[in-house]
Each structure stands twice: as structure tokens, then as C-alpha cells.
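Undergrad:
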Amino acid sequence: MLEYTEKKTLEYLNGMPKSMRKNKGQFFTSVKTAKFMVEMFNISHCNNKISVLDPGAGTGILSVAFIEYVSQNFLNVTISLTCYETDLTVLPVLKDNLLYVKHILGDRFEYNILECDYILSQRFEPEVGELRFESEKKYDFIISNPPYLKIMRNDPAAKAMDKVVHGAPNLYFLFTSMSLFNLKQHGEMVYIIPRSWTSGAYFKSFRQYLLSEGKIKHIHLFTSRNKVFDAEQVLQEIIIIKIEKTQTKPEFVKISSTDGSNDFDNVRSLNAPYDVVVSGGDSYVYLPIDEKDIKTIQKINIYHSTLTDSGLKMKTGIVVDFRQEKELRKSPGEHILPLFYSQHIRNGRVNHYPSGKEYDWIADSKSGLIQKNKNYVFIKRFTAKEEPRRLQCGVFSPGDFLEYEYIGTQNKINFIDKTDGSEMDSMTTYGVYALLNSTLFDSYYRILNGSTQVNSTEVNNMPFPPASIIKIIGEKVLVSDDLSTDNCDRIIAEVAYGTCD
Ligand SMILES: C[S@@+](CC[C@H](N)C(=O)[O-])C[C@H]1O[C@@H](n2cnc3c(N)ncnc32)[C@H](O)[C@@H]1O
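Mind the numbering: the sequence shown is residues 287 to 787 in the working numbering, read in order.
1) If we count the other Cβ atoms within 10 Å of its Cβ and call it buried at 16 or more, is Ile390 buried or exposed?
2) Within the same chain, show all residues whose beta-carbon is closer than 6 Å to that of Lys335, passing over the 5 residues directly before and after it, in chain order.
3) Relative to ligand 1, is the shortest distance from any of its heavy atoms to the C-beta of Gln312 smaller than 6 Å?
4) Taking 6 Å as the cut-off, is the beta-carbon of Glu744 closer than that to any non-hydrogen atom of ligand 1?
5) Can you list, in chain order, the residues of its chain with a C-beta nearer than 7 Å to that of Lys294? Leave out the 5 residues immediately preceding and following it.
6) Would you say Val376 touches ligand 1, meaning its beta carbon is less than 6 Å from a heavy atom?
7) Should Lys762 go down as buried or exposed, given a rule of 16 or more other Cβ atoms within 10 Å for buried?
8) Specify, as a first and last residue, the run of the beta strand (DSSP E) that Lys318 falls within.
9) Would Val571 and Ala558 be called neighbours here (beta carbons separated by less than 7 Å)?
10) So who's on the other strand from Val571, going by DSSP bridges?
11) Closest to Asn450 by CA distance: which of Ser628, Pro752, Asn362 and Phe492 is it?
12) Can you tell which of Asn468, Gln678, Met748 and Glu672 has the C-alpha that lies nearest to the C-alpha of Thr582?
13) For the beta strand (DSSP E) containing Ser542, list its first residue and its last residue.
14) How many angstroms separate the CA atom of Glu416 from the CA atom of Phe467?
15) Could you please give the first and the last residue of the uninterrupted beta strand (DSSP E) stretch that includes Asp703?
16) I'd like to know if the stretch 456-470 and the stretch 403-413 are in contact, where contact means that at least 3 CB-CB pairs between them fall below 8 Å.
17) Among residues of its own chain, excluding the 5 on either side of Cys774, which ones have a beta-carbon nearer than 6 Å to its beta-carbon?
18) CA-CA distance, Ile756 and Ser770?
19) Inspect the CB distances between the stretch 605-625 and the stretch 686-695 and report whether three or more fall short of 8 Å.
20) Specify, as a first and last residue, the run of the beta strand (DSSP E) that Pro559 falls within.
21) Identify the residues that DSSP records as bridge partners of Ala443: which are they?
22) So what does DSSP say about Gly694, is it helix, strand or coil?
23) Name the DSSP beta bridge partners of Ile648, please?
24) Let me know the secondary structure DSSP gives Ile479 once reduced to three states.
25) Short of 7 Å in beta carbon distance, which residues of its chain neighbour Lys660, apart from the five on each side in sequence? Order them along the chain.
26) Based on the DSSP secondary-structure assignment, which residues constitute the bridge partners of Phe608?
27) Just mark Gln519 as buried or exposed, buried being the case when its beta carbon has 16 or more other beta carbons within 10 Å.
28) For Gln629, I'd like the list of residues in its chain whose CB is within less than 8 Å of its CB, leaving aside the five on either flank, ordered along the chain.
29) Any heavy atom of ligand 1 inside 6 Å of the beta-carbon of Ile526?
30) With DSSP run on the structure shown, which of helix, strand or coil describes Met748?
31) Determine the direct distance from the alpha carbon of Pro574 to that of Arg554, and round the result to whole angstroms.
32) Determine, using beta carbons only, whether Phe687 and Phe664 come nearer to each other than 7 Å.
33) Measure the CB-CB distance between Gly603 and Gln696 and report whether it falls below 7 Å.
34) Could you check whether the Cβ of Ala446 sits closer than 6 Å to any heavy atom belonging to ligand 1?
35) According to DSSP, simplified to helix, strand and coil, what is Lys423?
36) Using the C-alpha atoms, what's the distance from Arg675 back to Gly736?
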């Protein structure tokens with residue numbers, strides 16, 4: 287059955303330009319990935335008749351993988367399948383594939399293809415009390431590779447599900463939320479989705495819904511990017527999650543990983559404590575791949591304060607250089623200030639050697655473009671995937687630029703400043719630098735965020751030692767006059783964790 291579906295899918299793919307499918311968020315799952323997803327379900331405890339939902343079914347590859355697995359391994363089980371699909375060009379292929387399955391399985395299989403919008407054809411009202419609100423059909427199992435499509439805040443789908451929308455909406459997490467809503471209590475869903483929702487403010491409402499109504503049982507990671515939808519060139523980092531609809535928190539989450547989607551023979555896996563995977567005030571979802579990662583999360587999570595609690599804040603550099611060409615200058619002069627780029631952050635310090643950019647200077651004519659020359663920690667906002675560190679920072683010392691009352695920062699730098707705009711003392715500056723420059727915080731940030739961008743909201747919400755400890759760390763770094771990561775690691779281990787390892 288799966289072979290037939292795969293053949294029909296390939297025929298469809300050959301006749302349909304990628305650009306057209308991209309506009310519909312249409313990327314198909316490979317047979318290997320589909321089989322792996324199906325085997326993540328716990329089917330053995332089920333009744334003899336099970337209901338299955340595949341929203342955004344495409345050619346039906348996930349449905350057919352599920353049916354093939356269940357029909358071969360659970361001989362007494364009959365399956366009732368519902369598919370949602372809106373695309374008129376793929377619908378004939380889906381119909382043909384399911385008809386083929388019906389011919390083979392006969393009475394053991396019934397199906398229903400709903401040719402309507404999965405989001406707009408239902409009422410998402412979880413707060414009414416899902417047990418009481420029974421007008422929507424509920425399912426035992428839901429499997430999906432939902433459309434990945436950014437939509438506007440005023441799109442009818444975003445409006446219909448505003449309870450899970452906090453920032454920019456994307457169809458993938460609206461589908462995920464709707465499916466949790468569509469599950470029976472203790473039902474299971476397996477979704478293949480981007481990783482982006484696991485942290486960050488945009489996905490806060492979605493995470494809150496997902497993690498309160500359901501619990502994560504298993505996460506599968508692909509450790510090398512781009513290999514999941516090889517032929518499709520999907521650039522987002524993709525993960526597979528299994529959620530059970532339950533209020534009961536499991537002790538562990540299974541975390542498995544493979545290099546890509548073609549090699550499910552070599553799956554690594556570990557059990558991570560649920561409270562390590564789901565933690566922090568905003569319920570971030572951490573993705574540790576080994577015991578070392580678990581220890582890193584546990585070590586940092588002993589702190590319950592944040593930079594913001596210490597009156598500090600990561601902000602983004604002010605100057606968007608290509609928009610401010612009128613103010614930019616190639617050389618210094620009267621009323622001209624140094625403009626800092628990420629290239630100026632080197633070996634733990636901030637210098638102002640020629641950056642290689644056209645303009646290293648900025649006129650002081652617009653007060654909104656400049657900032658006080660005072661203590662800061664500068665952090666690069668973007669690093670390349672192959673670079674060994676995500677957090678790359680340097681101490682900005684105002685004494686190095688004594689002739690200037692103000693300076694400029696390009697917006698590819700983040701900087702740490704006092705929330706109220708006053709000046710950080712030197713010990714705090716060096717303490718914050720040491721923590722951000724340490725192996726521990728860099729590893730933590732990587733586990734939290736898969737992207738190469740350093741996000742201010744995430745750093746501001748990261749657990750951080752309290753102000754008094756930051757200062758002690760800073761004082762020791764200052765006295766040692768050694769900004770290396772090794773020295774920062776040693777001082778942090780001693781001051782913040784009372785160990786010398
Ligand atoms: C990423 S593709 C996945 C297809 C298939 N499930 C697979 O794994 O190969 C998502 C599918 O959802 C469909 N789709 C997009 N928006 C939809 C909506 N609002 N309701 C139902 N289906 C939708 C697209 O046409 C597309 O076929």
C-alpha cells in the first residue's frame with residue numbers, strides 16, 4: 287500500500303513545480319520518515335476500532351504508513367481515517383491512494399476525506415472545557431506534516447485561533463493546536479514541525495496551550511540540518527514530536543536523534559527528566575541530546591533570577607546602516623563618532639580598528655542614533671553555523687574612547703546595558719561578560735535555540751546568577767586580567783557553583 291502511495295506521490299511531484307507547492311506550504315514526507323513517525327505511537331493499548339486523523343494529508347503518505355503498520359501488526363484492529371485536504375490538484379491523488387487501500391483492507395478500513403479548511407471548518411474553543419465541549423469530533427491518533435506557511439495576524443485562520451497566537455502566526459502551530467484540541471483524552475499525536483516554537487516570545491501562547499493540555503512524550507531531532515526534506519530544500523530545523531493529551535506529567539521525555547531522515551537505523555536516544563525538557567518561566571522546551579546537555583540545563587536552572595531582575599537588559603544596536611547613509615562617515619572629524627560593528631568584537635574586547643566596512647563613523651546629528659559612551663558588554667547577533675560559539679562577546683570600555691561622549695552601534699550587535707539607562711559598574715560588566723563568555727552559558731544557549739541568531743528576549747529571560755554573584759565573578763575576572771573562556775569557566779565554577787572543575 288505504501289509503495290503504491292509513494293509511486294503516486296512521485297508522479298504528482300514530477301508534474302508539479304516546487305514553487306507552486308511552496309506557496310501552499312506543500313512539502314511531502316518521505317516514506318522512511320513516515321514509517322518512523324508511525325512507530326512512535328503506542329498502539330498496543332488500544333481498542334479494536336481506532337479513529338485516526340491526518341490534517342493536511344497531501345497524497346496520504348502518513349495515513350497510509352499508519353494504516354500499513356497497524357494492519358500488519360494488530361490484526362484485529364479496524365481503522366477509521368479522516369483526512370483534511372484543500373488542494374484541488376493533490377486531492378485526486380489522495381482519493382486514488384485511499385481507494386487502493388480500501389480495496390486491499392475491505393471492512394477493516396473506512397475513510398472520509400474532508401475537502402475543507404482544517405482550521406476554518408472547526409470551532410477552536412478549548413477554554414470552554416474540552417471535556418464538556420464535544421461538538422467537534424475527537425480522535426485516538428493524529429499524524430501530520432502540517433503546512434509551513436506564515437500568515438498575517440488578520441488572516442481568518444489566525445483570528446479563529448487567537449488564543450494561541452502571540453506574535454507572527456504560522457499555519458504549522460495552528461494545525462498543531464487544533465489537533466491537540468481534536469484528540470481524545472489520552473490520545474496521541476505525532477507531528478513533524480519546525481523547531482522554532484520551542485523558545486522565544488512569539489510562541490508563548492502556543493506553548494502554554496500545548497503544554498497545559500498535553501504532555502510531550504518523545505522528541506526526535508535531526509542533528510544535521512537540511513537533510514529532512516532533502517529534495518525540498520526546507521531550511522528550517524525540523525523536529526518530530528509526540529504529544530499525549532493528558533494533564534499528568536510524565537517523569538521523562540524520550541529524546542532521540544539521527545543525522546538526517548535517511549538513516550533511521552542508527553537512532554541515538556536518551557530519557558531526559560520532563561522538568562529539564564520543559565522549564566523556565568515561559569515554559570521553554572529544551573532539546574538536550576546527551577547527558578552533558580542535561581547537566582548544563584540543570585546547572586543553569588538552579589538560578590531563578592534573570593538579567594532583568596538585576597536591572598540589566600540585552601538591547602539591540604541602534605543603527606540600521608543601510609537606512610542611515612546620510613549620517614554615516616568614512617573617517618573621523620568634528621561631530622563624528624565611532625560606529626561599532628560586530629567585527630569590532632575580538633578576543634573579549636571591543637576595539638575600533640577598521641572593520642572592513644565602508645563607514646566606520648557616524649555623525650552625532652541625530653540623538654536617536656547614538657548612545658552614551660559607558661560600560662557595556664557587546665554580543666554578536668549573528669554567527670555562522672560552523673563557528674564554535676553562539677555567544678561571542680566583548681567588554682566595551684569607555685576609557686578606550688575617552689574623547690567621545692557618545693558612540694554608535696550597528697544593529698547586528700546586541701549590548702547589555704542597565705534597564706534604566708544609567709551606567710553598569712565595572713564589576714557587573716566583567717561579571718556579565720564572563721557568564722556570557724563561559725562554556726556553560728554558550729552550551730545552554732545552543733540547547734535552547736537552534737538558530738544562529740542571538741535573541742534578546744531569550745537572553746533576558748535566561749536564568750542568571752543574582753547581581754551579587756555577577757559582581758564577585760566580575761571582580762575576579764578584573765583582578766586576573768584574563769578574559770579567556772578557560773579563565774571565565776574556572777571563576778564561574780568556583781564562585782557560582784562552589785567547585786573547581
Ligand atoms: C506539508 S504538506 C504535507 C502533506 C502530507 N501530509 C505529507 O506529509 O506528505 C501540507 C498539506 O496541507 C494542505 N493544506 C494547506 N492548508 C490547509 C488547510 N487550511 N486545510 C487543510 N489542508 C491544508 C496542503 O495542500 C498540503 O497538501
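Ideal placement from N, C-alpha and C gives every residue a C-beta, glycine not left out. The model shown is predicted, which means the values in this text are computed figures rather than measured ones.
TA: So, to answer that:
1) By the 10 Å Cβ count, Ile390 comes out exposed.
2) Same-chain partners within the cutoff: Thr364.
3) Distance from the C-beta of Gln312 to the nearest heavy atom of ligand 1 is below 6 Å.
4) Result no, Cβ not under 6 Å from ligand 1.
5) Sequence-distant partners of Lys294 (beyond 5 residues in either direction) whose C-beta falls short of 7 Å from its own C-beta, in its chain, are Thr345, Val379, Asp382 and Asn383.
6) Within the cutoff, so yes.
7) Around the Cβ of Lys762, a 10 Å sphere holds 16 or more other Cβ atoms; the residue is buried.
8) Run containing Lys318: none in the beta strand (DSSP E); it sits in the alpha helix (DSSP H), Val317 to Val324.
9) When the beta-carbon positions are compared, Val571 and Ala558 stay at least 7 Å from each other.
10) Per DSSP, Val564.
11) According to the sequence as given, residue 450 is Val; it is not Asn. Phe492 is the residue among Ser628, Pro752, Asn362 and Phe492 whose C-alpha sits nearest the C-alpha of Val450.
12) With distances taken between Cα atoms, Thr582 lies closest to Met748.
13) Ser542 -> beta strand (DSSP E) spans Phe538 to Thr544.
14) Confidence is the limiting factor: at Glu416 the pLDDT is only 49, short of 50, which leaves the residue's position unreliable, though a coordinate-based value still follows. Computed Cα separation, rounded: 7 Å.
15) Ile699 to Lys704 is the extent of the beta strand (DSSP E) around Asp703.
16) Result yes; three or more Cβ-Cβ pairs closer than 8 Å.
17) Same-chain partners within the cutoff: Ala720, Asn723 and Ser724.
18) Ile756 and Ser770: Cα-Cα distance of roughly 17 Å.
19) Yes, since at least three Cβ pairs between the stretch 605-625 and the stretch 686-695 fall closer than 8 Å, the two stretches touch.
20) It spans Arg554 to Pro559 - the beta strand (DSSP E) in which Pro559 sits, taken as one unbroken run.
21) In the DSSP secondary-structure assignment, Ala443 is not bridged to any residue.
22) Three-state DSSP puts Gly694 in a strand.
23) DSSP links Ile648 through a beta bridge to Leu614 and Leu623.
24) Residue state for Ile479 is assigned as strand, using DSSP reduced to three classes.
25) Hits under 7 Å: Pro684 and Glu709.
26) Its beta-bridge partners do not exist; DSSP assigns none.
27) No answer about Gln519 holds up, because its pLDDT of 47 lies below 50 and its placement is not dependable.
28) Ser641, Gly642 and Lys643, listed in sequence order.
29) Shortest gap from the CB of Ile526 to any heavy atom of ligand 1: 6 Å or more.
30) Met748: coil per DSSP, three-state reduction.
31) When rounded, the distance between both Cα atoms is 12 Å.
32) No, Cβ-Cβ distance for Phe687 and Phe664 is not below 7 Å.
33) Note that the C-beta distance between Gly603 and Gln696 is below 7 Å.
34) Flag unset: Cβ of Ala446 not near ligand 1.
35) Here Lys423 sits in coil by DSSP.
36) Rounded to whole angstroms, the separation of the alpha carbons of Arg675 and Gly736 is 12 Å.
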